[in-house]
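Step one of this worksheet: look at the structure below.
In the numbering used here, the protein residues as written are 1024 to 1476.
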């Protein structure tokens, strides 16, 4: 294939061109992607399958496997850095070389591209290992490569990335990144250069809430505008809440010279929400203090009501749901930590990198690795590898009551062998790409995870 279009943010394309080895490898890998390599079972088939055919059907996931094969043969490696915070988010950099991290995105998972732009890229580049994040995406014209149109249902293409990026602008970050569009046809290269439009008066936070916390979380975020009005009636700050599924984006536009005051107030508000400070430390007027206390109490009540509804719904009947007290504490901690750490300015990111707090930027987890990746990464650990292959086969062929026992046995082996892999498996099975069968296995995994060993 050939590079047709490039979106470069904050001079990222020039940065890549100055990294000769990385640039040459990326061009080489792209040039080797074609219908033959995408249908070659040795290149594009999941590693746990023993394909006996000469060719396999091309679907969006073949692009991901093919890219992994190409760059790994060129000496690109992966790196995983554990969070020092118990239960924190691990940083996983795949296909990394010469300070450049690459990723192929041909399949459309929920919010995958916005997550890559807003969360994954800033976290990777904030580490001491990486200078630049590069995403490779097929052009829409490449859909002709699929033999069966029904197999391209989760197809993601460059034009869609371009449209989603347009909706995300302006970006309150300076982290450089590149989106490369590729296709079978050679065309004159078109480069779109975007620059950071961060203003000194803008503050942004991006958060994701579980279903049972969503309404309460949005309510607490929205109330921050009322806090500003109460504390600083002369400051005309605007608080905007943008919602996309369970992801919430809060933007605070403040007048010139008021940003520091608002950021300090936001930090203080986070302390109150997480019960690390009393409402009296934030507000002085007793009526206002009572209003804030009532708002937080209402949020707790809303969590309890929503959780109760989920408990009696069929969808959640077999799932282990935390106690109501844990849910309330989790929401408070989640909002508080994210309001503290999700400042997208480069200075904050670099500061967090030095203090190794960068892994707490957000609860959004970009490490939702696929079953195939977990199987591939476990090759050197036979027992773990076989257990993951068994789970994958059951997910693919259909989970039923008949194979519940052997599935749970395999899940227990994963849990007992590597708790990190067990956590990654849990995140992978949440993905909608595994359908009903994946949801059934996920429920069994939750049961296995709830057993104290």
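The beta-carbon is built from N, C-alpha and C at its ideal position, and this holds for glycine as well.
Since we're looking at a predicted model, the values are computed, not measured.
Simplified DSSP state of residue i, which is helix, strand or coil
{"i": "residue 1162", "result": "coil"}
{"i": "residue 1402", "result": "coil"}
{"i": "residue 1507", "result": "This structure cannot speak to residue 1507, because the chain is shown only from 1024 to 1476."}
{"i": "residue 1462", "result": "helix"}
{"i": "residue 1055", "result": "coil"}
{"i": "residue 1125", "result": "strand"}
{"i": "residue 1027", "result": "strand"}
{"i": "residue 1141", "result": "helix"}
{"i": "residue 1211", "result": "coil"}
{"i": "residue 1225", "result": "strand"}
{"i": "residue 1192", "result": "coil"}
{"i": "residue 1206", "result": "strand"}
{"i": "residue 1042", "result": "coil"}
{"i": "residue 1120", "result": "strand"}
{"i": "residue 1036", "result": "helix"}
{"i": "residue 1389", "result": "Because residue 1389 carries a pLDDT of 37, less than 50, the predicted location of this residue cannot be relied on, and no value is offered for it."}
{"i": "residue 1178", "result": "strand"}
{"i": "residue 1169", "result": "coil"}
{"i": "residue 1247", "result": "helix"}
{"i": "residue 1062", "result": "coil"}
{"i": "residue 1441", "result": "coil"}
{"i": "residue 1136", "result": "helix"}
{"i": "residue 1130", "result": "strand"}
{"i": "residue 1255", "result": "coil"}
Nearest neighbour of residue i, chosen from the options [CA to CA]
{"i": "residue 1291", "options": "1277, 1158, 1251", "result": "1251"}
{"i": "residue 1129", "options": "1146, 1182, 1149", "result": "1182"}
{"i": "residue 1055", "options": "1093, 1077, 1035, 1412", "result": "1093"}
{"i": "residue 1284", "options": "1083, 1237, 1298, 1260", "result": "1260"}
{"i": "residue 1246", "options": "1099, 1258, 1263", "result": "1263"}
{"i": "residue 1137", "options": "1208, 1104, 1084, 1270", "result": "1270"}
{"i": "residue 1214", "options": "1424, 1410, 1026", "result": "1026"}
{"i": "residue 1414", "options": "1404, 1435, 1403, 1400", "result": "1435"}
{"i": "residue 1166", "options": "1314, 1179, 1265", "result": "1179"}
{"i": "residue 1253", "options": "1312, 1068, 1450", "result": "1312"}
{"i": "residue 1445", "options": "1318, 1425, 1398, 1424", "result": "1398"}
{"i": "residue 1078", "options": "1043, 1087, 1067, 1088", "result": "1067"}
{"i": "residue 1288", "options": "1305, 1296, 1277", "result": "1305"}
{"i": "residue 1286", "options": "1227, 1083, 1051", "result": "1227"}
{"i": "residue 1153", "options": "1121, 1307, 1255", "result": "1121"}
{"i": "residue 1293", "options": "1319, 1225, 1325, 1052", "result": "1319"}
{"i": "residue 1418", "options": "1465, 1447, 1194", "result": "1465"}
{"i": "residue 1169", "options": "1408, 1051, 1080", "result": "1080"}
{"i": "residue 1042", "options": "1127, 1119, 1409", "result": "1119"}
{"i": "residue 1135", "options": "1184, 1101, 1216, 1157", "result": "1184"}
Residue i and residue j closer than 9 Å at C-beta
{"i": "residue 1117", "j": "residue 1396", "result": "yes"}
{"i": "residue 1191", "j": "residue 1275", "result": "no"}
{"i": "residue 1461", "j": "residue 1422", "result": "yes"}
{"i": "residue 1150", "j": "residue 1097", "result": "no"}
{"i": "residue 1244", "j": "residue 1199", "result": "no"}
{"i": "residue 1437", "j": "residue 1204", "result": "no"}
{"i": "residue 1467", "j": "residue 1440", "result": "no"}
{"i": "residue 1032", "j": "residue 1258", "result": "no"}
{"i": "residue 1090", "j": "residue 1159", "result": "yes"}
{"i": "residue 1230", "j": "residue 1162", "result": "no"}
{"i": "residue 1034", "j": "residue 1218", "result": "yes"}
{"i": "residue 1063", "j": "residue 1024", "result": "no"}
{"i": "residue 1400", "j": "residue 1105", "result": "no"}
{"i": "residue 1123", "j": "residue 1039", "result": "yes"}
{"i": "residue 1240", "j": "residue 1300", "result": "no"}
{"i": "residue 1325", "j": "residue 1238", "result": "yes"}
{"i": "residue 1295", "j": "residue 1315", "result": "yes"}
{"i": "residue 1207", "j": "residue 1277", "result": "no"}
Min CB distance residue i to chain C below 9 Å
{"i": "residue 1466", "result": "Protein chain content of the structure displayed is limited to a single chain, and chain C is not contained in it."}
Local Cβ density within 10 Å of residue i, reported as buried at 16 or more and exposed below that
{"i": "residue 1432", "result": "exposed"}
{"i": "residue 1428", "result": "exposed"}
{"i": "residue 1036", "result": "buried"}
{"i": "residue 1196", "result": "buried"}
{"i": "residue 1146", "result": "buried"}
{"i": "residue 1143", "result": "buried"}
{"i": "residue 1420", "result": "exposed"}
{"i": "residue 1125", "result": "buried"}
{"i": "residue 1509", "result": "Lying before the first or after the last residue shown, residue 1509 is absent from the chain, which here runs from 1024 to 1476."}
{"i": "residue 1256", "result": "exposed"}
{"i": "residue 1405", "result": "exposed"}
{"i": "residue 1372", "result": "In this predicted model, residue 1372 has a pLDDT of only 37, less than 50, meaning its place in the structure is not dependable enough to derive any value."}
{"i": "residue 1393", "result": "buried"}
{"i": "residue 1087", "result": "buried"}
{"i": "residue 1412", "result": "buried"}
query: Counting only runs that start and end within the stretch 1257 to 1336, where is the alpha helix (DSSP H) found for 4 or more residues in a row?
result: DSSP runs (the alpha helix (DSSP H)) wholly in the stretch 1257 to 1336: 1282 to 1296, 1309 to 1335.
query: What are the uninterrupted segments assigned as beta strand (DSSP E) that are 3 or more residues long and contained completely in the stretch 1077 to 1111, given in chain order?
result: For the stretch 1077 to 1111, whole beta strand (DSSP E) runs of length 3 or above, ordered along the chain, are 1100 to 1104.
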